[in-house]
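Residue numbers (this note's numbering): 486 to 543.
What follows is a single structure, written as structure tokens, with notes after it.
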Amino acid sequence: MLKEQLKKYRQDLHQIPELAFDLFLTHEYVKTQLIEMGYEIEVTAKTGIIAFKKGKSN
486 MLKEQLKKYR QDLHQIPELA FDLFLTHEYV KTQLIEMGYE IEVTAKTGII AFKKGKSN
């Protein structure tokens, strides 16, 4: 399943033609995917992303 999901990400990202640091659509795509996976997102600069995943504590 992981292989298929990675293939889908690659195909999706190749449908978003952006250059250099003008990656606004790519940024939104990645941010959306990370949120759907349960990550908390912090945006840095214009298109930077820091993703946090909370762990389980006893």
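Where is the CB? At the ideal position from N, CA and C, for every residue including glycine.
**OP:** Pick helix, strand or coil for Glu489, following the three-state DSSP scheme.
**Re:** Counting from 1 along the sequence shown, the entry for residue 489 is found at position 4. Looking at Glu489 - three-state DSSP - the assignment turns out to be helix.
Subject >> beta strand (DSSP E) segment containing Glu503, residue limits >> reply: Position 18 of the sequence shown, counted from the first residue, corresponds to residue 503. Counting along the chain, Glu503 falls outside any beta strand (DSSP E), and DSSP gives it neither H nor E.
**OP:** Kindly list the residues whose CB is nearer than 6 Å to the CB of Lys538, restricted to its own chain and excluding five residues on each side of it in sequence; keep chain order.
**Re:** Your numbering for residue 538 matches position 53 in the sequence shown. Hits under 6 Å: Tyr524.
**OP:** Please confirm whether Thr511 and Ile501 have their CB atoms less than 8 Å apart.
**Re:** The residue labelled residue 511 in the question sits at position 26 within the sequence shown. The residue labelled residue 501 in the question sits at position 16 within the sequence shown. The answer is yes: Cβ separation under 8 Å.
Original post:
Can you tell me whether DSSP reads Thr511 as helix, strand or coil?
Top reply: Start at 1 with the first residue of the sequence shown, and residue 511 comes out as number 26. Three-state result, Thr511: helix.
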